[in-house]
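Residue numbers (this note's numbering), protein chains in the order written: chain A, 1 to 577; chain B, 1001 to 1081.
This report refers to the structure that appears directly beneath it.
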């Protein structure tokens, strides 16, 4: 981003939401253009939020970090340059570079890394912390041929990486990738000594923009895509299975199909992380299945669901796969070697991410990087891994429900178990994620910021109820979240979401039943708002006679209208009624 | 570069650096009439000019800038030279 573009986007921004989303930009230099870029990128990433940014006093990163109150922030971006670990490693303070001082510099850096680690640990216990290790060159403290690796520099980087590795095990710590920052900001063009000496701002504009873009991306990442739909011939493997047969398609180096093998490896890796994989192929179904069943394929056959191979249009196959997954096109990607097929799908689903699988080997790296960007997420939770399996279970359940003698008998035969957790645990990442990504069974469609989430759960009358589900078809993991307040026998529900994977199991009825029971409630009031997509919740309300105009229900009304429930319940209450 | 091109680009820079100024006000801007004209503003102007025109000015020279007109003349001289 150009500085002018950043300034103009800030200047021209319209008033946004009422709730401020506050970030801390922690650096020891004058924040200057870095703050401008950081604000502009955050505004782009959070178009509905009113972004506020605080910065530290000049010249003391470590002291400034120690003074930060994390509860005030949605996230903290910290940039630690060498001068923050020892001023002699920078260019604005004079303190000597003589070899006799090197051991003292190492000791100082170790001490300051420990201080930095203390702050990272404290802050990340409450909020996401995006951390950049030194991105600027170290002052020439050692003297040698420029191309020769230096002893002191190697020792200091070793210490820094050792510490960083420990910090990465902390929840909420997001370390800036040096490989990525090197890719978007060439190291030799980052440092502006004129500006450093003149203004105390050491970053060239392009590097300031790159740093701000990367750090804002770590703190406000785009929602990762959920599913990838792939073509087969020319994409998953080299060759046309209809011409060469299942044994003739190839995907290894010695058969000239290496780029397809790399792609398969990436798909297997994505599947293991919970990404849904589907196949849309213009092919003979039996032949496609034979090739997919090859045991030397680098992605397992059972990773793909559904596999649609026929002679219909690609966009129709894509539509059917999205329906089976119950996700929108904005949450999926489509990969095909035919630019025409890609264009056809893109025309029908403009919100869908699409890419052409090129037979040109040099293009595969870019595709793999693109997939990493689309599907990357800060952390993997168990529910991500369960998602693909539970979709297949849902399909099995649907098939079984057609065979059961009646709905009640079918539900009873599921042997369903629901585990309820009642708490004020603001650290429940899965619950927070569900509230912010669920659309269909969603009380009002409102998204919650990290700060708002924490504030609500610090309220002594607030509560967070989560439900995890399992039946004879397997576990679905944590699938429902209720956020509210209870007082003297009444509860007001401000958020209620349930994953679409848990529909048709009466989990929503069991949830209300549990709330009435565990909090000893007489009445529940819902902060309901109709949205374009929350029809499933509206239908549930209708089944209980809850009106949209006065959305509430008493215990007696609920008990009279609730259908039979056959779940076995487990309850873990960290708070009482 | 035509003088009008230079003026258009420079006034655009002023509007970006000083929120609230329009193009006409930008052309009349001086340190005395724009309250936000401080060292941070000079830093922004310097960076924006460098970005827009690919020209680098000495910090000492930039520190002496007190008006739009003065900067326009300095730019014009550099671009002609």
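Just so it is clear, CB atoms sit at the ideal spot from N, CA and C, and this is done for glycine as well.
All values derive from a computational prediction rather than experimental measurement.
What in chain A is Cβ-close to residue i, meaning under 7 Å?
i	result
residue 1071(B)	Going along chain A, no residue has its Cβ under 7 Å from residue 1071(B), so there is no contact; the nearest lies around 15 Å.
residue 1017(B)	7
Mind checking if residue i is an interface residue toward chain A, Cβ cutoff 8 Å exclusive?
i	result
residue 1013(B)	yes
residue 1074(B)	no
residue 1007(B)	no
residue 1043(B)	yes
residue 1059(B)	yes
residue 1036(B)	no
Check the Cβ-Cβ distances between residue i and every residue of chain B, and say whether any is below 8 Å.
i	result
residue 59(A)	no
residue 32(A)	yes
residue 463(A)	no
residue 194(A)	yes
residue 294(A)	no
residue 11(A)	yes
Using only the alpha-carbon positions, how far apart do residue i and residue j sit?
i	j	result
residue 254(A)	residue 261(A)	11 Å
residue 577(A)	residue 504(A)	At residue 577(A) the pLDDT is 48, less than 50, meaning the model places this residue with poor confidence; the figure from the coordinates comes in the next sentence. Roughly 29 Å separates the two Cα atoms.
residue 16(A)	residue 51(A)	9 Å
residue 297(A)	residue 290(A)	11 Å
residue 1083(B)	residue 366(A)	Within the shown structure, residues of chain B are numbered from 1001 to 1081, placing residue 1083(B) beyond reach of any answer.
residue 568(A)	residue 406(A)	20 Å
residue 88(A)	residue 1040(B)	26 Å
residue 218(A)	residue 44(A)	14 Å
residue 511(A)	residue 226(A)	26 Å
residue 60(A)	residue 108(A)	15 Å
residue 1073(B)	residue 93(A)	36 Å
residue 178(A)	residue 232(A)	35 Å
residue 229(A)	residue 1061(B)	59 Å
residue 543(A)	residue 12(A)	47 Å
residue 274(A)	residue 305(A)	12 Å
Could you have a look at residue i and say whether DSSP puts it in helix, strand or coil?
i	result
residue 307(A)	strand
residue 29(A)	coil
residue 577(A)	Low local confidence applies: a pLDDT of 48 at residue 577(A) is under 50, so the model's placement there is unreliable, and no value is given.
residue 98(A)	coil
residue 355(A)	strand
residue 260(A)	helix
residue 436(A)	helix
residue 225(A)	coil
residue 476(A)	strand
residue 132(A)	strand
residue 1057(B)	coil
residue 558(A)	helix
residue 1018(B)	coil
residue 54(A)	strand
residue 1077(B)	helix
residue 490(A)	strand
residue 75(A)	strand
residue 377(A)	coil
residue 1065(B)	coil
residue 147(A)	coil
residue 520(A)	coil
residue 567(A)	coil
Thinking C-beta only, is residue j closer than 8 Å to residue i?
i	j	result
residue 189(A)	residue 204(A)	yes
residue 174(A)	residue 130(A)	yes
residue 527(A)	residue 492(A)	yes
residue 1(A)	residue 32(A)	no
residue 555(A)	residue 516(A)	yes
residue 141(A)	residue 74(A)	no
residue 431(A)	residue 469(A)	no
residue 523(A)	residue 490(A)	yes
residue 1014(B)	residue 1021(B)	yes
residue 29(A)	residue 201(A)	yes
residue 499(A)	residue 422(A)	no
Please compile the residues from chain A whose C-beta is within a distance smaller than 8 Å of the C-beta of residue i.
i	result
residue 1048(B)	3, 4 and 7
Whose Cβ in chain A lies nearer than 9 Å to the Cβ of residue i?
i	result
residue 1079(B)	Neighbours of residue 1079(B) on chain A: none; closest Cβ ~18 Å, over 9 Å.
Just the chain B side, please: which residues come within less than 9 Å of residue i by C-beta, in chain order?
i	result
residue 56(A)	Within chain B, no residue comes near residue 56(A); the closest Cβ sits about 16 Å away, beyond 9 Å.
For residue i, which residues in chain B fall below 7 Å Cβ to Cβ?
i	result
residue 199(A)	1043
residue 205(A)	1047 and 1051
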